[in-house]
Amino acid sequence: MDGFKNFIEKVGYPRLIIGGFLLVLCISAAMLSIPIPGLISDILIRIGMNGILVLAMVPAIQAGVGLNFALPLGVVCGLIGALISIEYKLAGFTGLFVAFAVAIPIAAIVGYFYGQMLNKMKGQEMTVGTYVGFSVVSGMCIFWLLAPFKSPELIWAVGGSGLRVTVSLESSIDKVLNRFLSFRFAGIQVPTGLLLFFALCCLIVWLFNKSKNGVIMNAAGSNERFASATGINVNRQRILGVILSTILGAVGIIVFSQSFGFLQLYNAPLFSAMPAVAAVLIGGASIRKVKISHVVIGTFLFQALLVVALPVLNTLADGSMSEVIRAIVQNGIILYALTRKTGGDLA
Amino acid sequence: MDQNVKVVEVKTKRQITVDYMYRFIVPVVFVVLCGIGYNLSGLQSTFVLNEVIIRLARNSFLVISLIIPVIAGMGLNFGIVLGAMAGQIALIFVTDNSFGGLGGVLIAFLVSTPLAIIFGYLVGQVLNRAKGKEMITSMILGYFANGVYQLVFLMLAGTIIPFKTEKLILSTGMGVRNSIDLIAVRQSLDNIWKIRPMQGLAIPMVTIIVIGFLCLALTFFLRTKLGQEMRTVGQNMHIAEVSGINVDKTRIIAIIISTVLAAWGQIIFLQNIGTLNTYGSHEQVGLFAVASLLIGGASVTKATYGQALLGTFLFHMLFIISPMAGQNLMGDSQIGEFFRVFVAYGVIGLALLLHAWQRKGKK
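From first to last, the protein sequence lines stand for chains L and P. According to this note's numbering, the stretch in the first sequence is residues 1 to 347, in order. According to this note's numbering, the stretch in the second sequence is residues 1 to 363, in order.
1) If you drop the 5 nearest sequence neighbours on each side, which residues of the same chain put their C-beta closer than 7 Å to that of residue 270 of chain L?
2) In chain order, what residues of the stretch 292-304 of chain P put their CB closer than 9 Å to some CB of chain L?
3) Please identify the residue among P:320, P:185, P:231 and P:207 whose C-alpha is closest to the C-alpha of residue 341 of chain P.
4) Would residue 140 of chain P count as contacting chain L if we go by Cβ distances under 8 Å?
5) Can you tell me the Cα-Cα spacing of residue 299 of chain P and residue 154 of chain P, whole angstroms?
6) Name, please, each residue of chain L whose Cβ falls closer than 8 Å to the Cβ of residue 148 of chain P.
7) Does any residue of chain L have a CB that is nearer than 8 Å to the CB of residue 262 of chain P?
8) Using the three-state DSSP reduction, which class does residue 204 of chain P fall into: helix, strand or coil?
9) Along chain L, in chain order, which residues have C-beta atoms closer than 8 Å to that of residue 341 of chain P?
10) Measuring only between beta-carbons, confirm whether residue 346 of chain P sits less than 8 Å from chain L.
11) Counting only C-beta atoms, is residue 112 of chain L closer than 8 Å to chain P at any point?
12) Going by C-alpha to C-alpha distance, which of L:313, L:334 and L:308 sits closest to residue 286 of chain L?
13) How close, in whole Å, do the beta carbons of residue 301 of chain P and residue 63 of chain P come, if the pair is a contact with beta carbons under 8 Å?
14) Short of 8 Å Cβ to Cβ, which residues in the stretch 112-134 of chain L face chain A?
15) Check residue 167 of chain L in the structure and name its three-state DSSP category.
16) Taking a contact to mean a Cβ-Cβ separation below 8 Å, would you say residue 247 of chain P touches residue 26 of chain P in this structure?
17) So which residues on chain P does residue 388 of chain L lean against when the C-beta distance must stay under 7 Å?
18) In the structure shown, what three-state DSSP assignment does residue 352 of chain P receive?
19) Hey, does residue 324 of chain P have any beta-carbon neighbour from chain L nearer than 8 Å?
20) Name the two residues that bound the continuous alpha helix (DSSP H) containing residue 45 of chain P.
21) Is the shortest distance between the beta-carbon of residue 135 of chain P and the beta-carbons of chain L less than 8 Å?
22) Can you find a C-beta in chain L that's less than 8 Å from the C-beta of residue 235 of chain P?
23) I'd like to know if residue 126 of chain P contacts chain L, where contact means its C-beta is closer than 8 Å to some C-beta of that chain.
24) Are there 16 or more other CB atoms within 10 angstroms of the CB of residue 65 of chain L, so buried, or fewer, so exposed?
25) Taking Cβ-Cβ distances below 7 Å as the criterion, which residues of the stretch 38-67 of chain L are in contact with chain P?
26) Ordered along the chain, which non-local residues of its own chain (more than five positions away) have a Cβ less than 6 Å from that of residue 83 of chain P?
27) So, for residue 188 of chain L: in the same chain, excluding its five sequence neighbours on each side, which residues have a beta-carbon less than 8 Å away from its beta-carbon?
28) Using a Cβ-Cβ cut-off of less than 7 Å, list which residues of the stretch 141-157 of chain L approach chain P; keep chain order.
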């Protein structure tokens with residue numbers, strides 16, 4: 001009995017529940033003769049699409065800022081980078097790298113100021129972050145309407161002013177990473193470039209965590225008073241964590257969009273933080289502790305759940321059941337994390 | 001020194017001035033915004049006044065429902081969304097059973113109350129496990145509950161849950177329709193007594209009296225033993241515990257009251273509108289009510305009826321004038337629309353930031 005209890009505590013309720021549910025769905029899928037290779041292909045693509053956005057949670061949690069509900073800030077920066085790339089008609093890897101090159105410095109600046117803001121109010125980061133994210137997304141709606149872009153692919157077809165709600169990437173960076181070194185194996189299409197890029201980002205974050213700066217940032221996030229006593233400038237470390245998180249958010253949305261095929265402007269980024277937060281929590285992270293493995297496991301479980309649930313439930317029941325399940329799972333897991341006894345104040 | 005020992009703070013003159021500035025900065029900014037917007041919009045004064053009165057009547061009850069948790073130290077209760085859901089469930093029940101008129105509205109109040117009490121109890125239990133993180137938790141709880149709500153009304157309604165009125169159910173036989181006409185109870189409360197002091201102006205007196213009565217009732221409640229205990233819990237949980245107050249129980253009661261008031265407020269709101277958007281009417285309730293309260297000058301730890309009413313006035317004034325102001329200013333009414341949404345979110349972020357800043361400065 002003790003062994004069983006230890007197993008549960010080690011794996012964690014979120015993984016067990018989601019994993020069990022996923023297992024049931026997979027068995028159902030097999031019984032319903034839903035083509036498994038297609039599901040696996042979709043899961044792999046989704047992991048690559050969403051992985052970097054989930055990874056963006058890591059620096060913020062480690063710096064002691066908690067779950068980064070202001071991820072939309074980074075997302076908006078990424079969208080700007082991608083738009084500039086399209087405006088100048090850049091395609092392929094050139095377009096992708098220019099998008100990164102434009103987005104990353106903007107994200108760093110935005111992250112710096114947001115980090116400064118958070119330092120003035122320790123203790124309510126997640127709530128304020130949520131509404132700063134919301135208000136910036138709404139403010140950017142005005143910007144999208146007024147921005148002086150001229151490329152016919154970007155502006156409204158009729159009227160000729162203001163950016164479209166959804167921008168096609170077909171002639172620019174669509175599937176650049178997905179197709180790189182892509183191959184088919186036993187009916188499964190593997191988006192090698194996409195997965196490699198995700199792995200590369202994980203490696204970079206992991207290496208940073210092992211570096212001197214990374215260790216210092218972790219110390220500042222773990223115990224503020226001890227870090228201060230040791231001579232660490234806690235405020236600076238928190239800003240660093242927020243900047244890194246925002247940059248990863250910007251990179252993540254560009255990767256997401258090239259895989260998805262479209263840029264989504266206006267209100268689309270509003271709730272972009274929620275799936276990422278849910279995924280990292282499903283992977284076993286808490287609001288104070290996180291590892292790269294939590295990102296990978298959580299992204300896999302969450303995205304696999306979404307992929308398999310859709311065809312299974314559409315076969316068994318009518319309507320939009322899978323969207324409802326996503327809402328319940330996503331917010332339920334966040335609720336669980338917020339109500340866990342983790343010690344210390346952080347909201 | 002024991003951190004809980006209260007030391008009388010001798011404030012410098014500058015500090016007093018700064019405190020005042022913090023308290024009034026948000027309302028003042030909004031008065032200016034409304035003034036500018038009003039001039040730019042070119043709307044007729046009678047039209048604006050009438051619209052504002054209507055919105056004050058239908059939205060104030062919801063905003064006031066936020067005050068009790070603030071006083072009890074639980075911050076802004078974004079979880080009033082669950083109360084709004086209870087109100088909507090009651091209205092669906094009333095429509096399904098063809099109850100109409102004022103009786104229908106009263107039945108809706110009766111049906112929603114036990115639902116809201118149950119929901120409020122659950123919210124209270126969850127928030128007691130998330131002390132210090134109440135606001136983010138109640139917000140996520142609202143989203144979670146929305147998922148469950150959709151599960152019930154998209155999947156179970158028409159199948160497991162039987163409905164008498166066929167036209168409420170989608171043609172597939174499962175799920176409630178997106179839009180429900182509340183014509184049977186539409187403005188039943190508003191129409192009991194309307195004063196029309198001039199052309200184009202109609203004031204729903206009963207609804208306004210109900211709101212006045214609510215303010216009065218809460219004032220008396222806060223003077224009862226339970227009300228005083230809530231104030232104590234809100235000021236310092238530890239001292240309250242030492243004094244023998246059951247902190248967790250008091251907090252749960254505060255949330256239950258807030259949720260019940262939100263349910264009733266949603267019924268008042270929807271009977272005025274006349275149409276229930278099954279899957280959308282409750283979603284923005286928390287956001288708009290919180291924004292209104294903060295615009296009136298309230299904070300995470302302090303709120304009054306005056307602030308609730310002033311905030312509702314200013315917030316909805318901005319809603320009324322901003323599309324036309326955007327049109328006249330920049331040739332695009334959509335900019336006005338986006339601006340007011342930006343303001344709704346921004347004011348919450350800003351007010352929370354100012355509050356945390358101010359609190360930090362006092363340490």
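Yeah, the Cβ is synthetic: ideal placement off N, Cα and C, and Gly gets one too. All of these numbers come straight from a predicted model, not from anything done at the bench.
Reading off the structure:
1) 72, 134 and 137
2) 300
3) P:320
4) yes
5) 37 Å
6) 328
7) no
8) strand
9) 138 and 141
10) yes
11) no
12) L:334
13) Actually they do not touch by this definition, with Cβ atoms about 17 Å apart.
14) In summary, chain A is missing from the structure at hand, where the protein chains are L and P.
15) strand
16) no
17) No answer is possible for residue 388 of chain L: it lies beyond the span of chain L, which begins at 1 and ends at 347.
18) helix
19) no
20) 45-64
21) yes
22) no
23) yes
24) buried
25) none
26) 116, 259, 262 and 263
27) 37, 40, 41 and 44
28) 141, 142 and 145
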